[in-house]
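Participant: The sequence shown maps to residues 89 to 295 in my numbering. The structure's right below; bear with me while I get my questions together.
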Amino acid sequence: MDFDNKPDYFMADGDDNKQSTQPSTINFDNDINAKTEANEPQQPAREEKPHRRRRAWKRIFWWSVVIIALVLAAATWIRYFNPYVTDATERGYIVSMERRGIVFKTWEGQMIVQSALTDSTRLYSRDFIFSVDNPELAKMLVDVKGTGRQVNVTYKRYWGSLPWRGATCCIITAVEPVATTKAAEASTPADNMNNGDADAESPVNKI
89 MDFDNKPDYF MADGDDNKQS TQPSTINFDN DINAKTEANE PQQPAREEKP HRRRRAWKRI
149 FWWSVVIIAL VLAAATWIRY FNPYVTDATE RGYIVSMERR GIVFKTWEGQ MIVQSALTDS
209 TRLYSRDFIF SVDNPELAKM LVDVKGTGRQ VNVTYKRYWG SLPWRGATCC IITAVEPVAT
269 TKAAEASTPA DNMNNGDADA ESPVNKI
């Protein structure tokens, strides 16, 4: 038998011999850790995305509410509290002045406009209807009603009317009587129309 040619397993440094010579050990730590993890209740993972989405929707909702409220407030102010016509004037004869209303009593008046009376190209078809929120101005207009005296009224106009301010969009802010002669004061628009009819009916003496 040739013992020289055969490898000496006891003296060889190969990998196989190293693996075979290492003692086998049992690791109890891994088993203990696995048992403890199995006994502990598993906690569900926290879902952060739904909470973030809810917060985002809440912010969008409240910002929408704020924007809508601001738009409504601006529209209300423009329509009911901000006059789009100021310091406008009309001249004429007060023919009606009364205080009416069910819940809110307001002064309402009507005026025959002088400019429409003097326009001979068109028929008269316009009366100036207005409201008065100042009792002193309303008293002045009541005093000149039906007297045939002309007055200049200054007013402002809104887009919309409020029940406690008046039934119309035109609000009188100032009243100024027009200075006229005694003859003009004695004659009213109705008297002038009657005089014109009488003159037309009376015969004209021809020479």
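All C-beta atoms, glycine included, are put in the ideal place defined by N, C-alpha and C.
Taking all protein chains shown into account, do 16 or more other C-beta atoms lie within 10 angstroms of the C-beta of V263, making it buried, or fewer, making it exposed?
Facilitator: For the purposes of this step, residue 263 is taken as the residue at position 175 of the sequence shown. Flag for V263 reads buried.
Participant: Threshold first: 3 residues or longer. Then list the beta strand (DSSP E) segments lying entirely within the stretch 219-256, N to C.
Facilitator: Segments of the beta strand (DSSP E) lying fully in the stretch 219-256: 238-245.
Participant: Are at least three pairs of beta-carbons, each pair with one atom in the stretch 195-215 and one in the stretch 173-186, less than 8 Å apart?
Facilitator: Taking 8 Å as the limit for Cβ pairs, the verdict is that the stretch 173-186 does touch the stretch 195-215.
Participant: Does the Cβ of R179 lie closer than 6 Å to at least one heavy atom of the ligand MN?
Facilitator: In the structure shown, the ligand MN is absent, as is every other ligand, since no ligand is present at all.
Participant: Could you give the C-beta distance for V239 and V266, rounded to a whole number, given that I count them as a contact under 8 Å?
Facilitator: Sequence index remark: in the sequence shown, residue 239 carries index 151 (1-based). Sequence index remark: in the sequence shown, residue 266 carries index 178 (1-based). 6 Å between Cβ atoms; contact.
Participant: Identify whether A262 lies in helix, strand or coil by the three-state DSSP scheme.
Facilitator: Indexing the sequence shown from 1 puts residue 262 at position 174. A262 falls in the strand class under three-state DSSP.
Participant: Could you tell me whether the stretch 186-195 touches the stretch 249-263, using the rule of 3 or more Cβ pairs below 8 Å?
Facilitator: Yes, the stretch 186-195 is in contact with the stretch 249-263.
Participant: Just to confirm, are T174 and K244 a CB contact at a threshold of 7 Å?
Facilitator: Indexing the sequence shown from 1 puts residue 174 at position 86. Indexing the sequence shown from 1 puts residue 244 at position 156. Yes.
Participant: Rounded to whole angstroms, what's the CA-CA distance from A176 to V241? Just pull it up for me.
Facilitator: Locating residue 176 in the sequence shown gives position 88, where the first residue counts as 1. Locating residue 241 in the sequence shown gives position 153, where the first residue counts as 1. Between A176 and V241, the C-alpha separation is close to 8 Å.
Participant: Does the Cβ of W195 have 16 or more other Cβ atoms within 10 Å, making it buried, or fewer, making it exposed?
Facilitator: On the sequence shown, position 107 is the one that residue 195 refers to. With 16 or more other Cβ atoms within 10 Å, it is buried.
Participant: Going by DSSP, what residues sit across from Y181 in a beta bridge?
Facilitator: Counting from one through the sequence shown, the residue named residue 181 turns up at place 93. Paired residue(s): I200 and Q238.
Participant: Return yes when the Cβ of F218 is within less than 7 Å of the Cβ of G197, no when it is not.
Facilitator: Position 109 of the sequence shown, counted from the first residue, corresponds to residue 197. Position 130 of the sequence shown, counted from the first residue, corresponds to residue 218. For G197 and F218, yes; Cβs fall inside 7 Å.
Participant: Just to confirm my understanding: we take A157, look at its own chain, exclude 5 residues before and 5 after, and list those with CB closer than 7 Å. What are they?
Facilitator: Sequence index remark: in the sequence shown, residue 157 carries index 69 (1-based). Counting only Cβ-Cβ distances below 7 Å, and skipping sequence neighbours, we find nothing.
Participant: What would DSSP say about R147, mapped onto helix, strand or coil?
Facilitator: To locate residue 147, count along the sequence shown from 1; it is residue 59. Note: R147 maps to helix in three-state DSSP.
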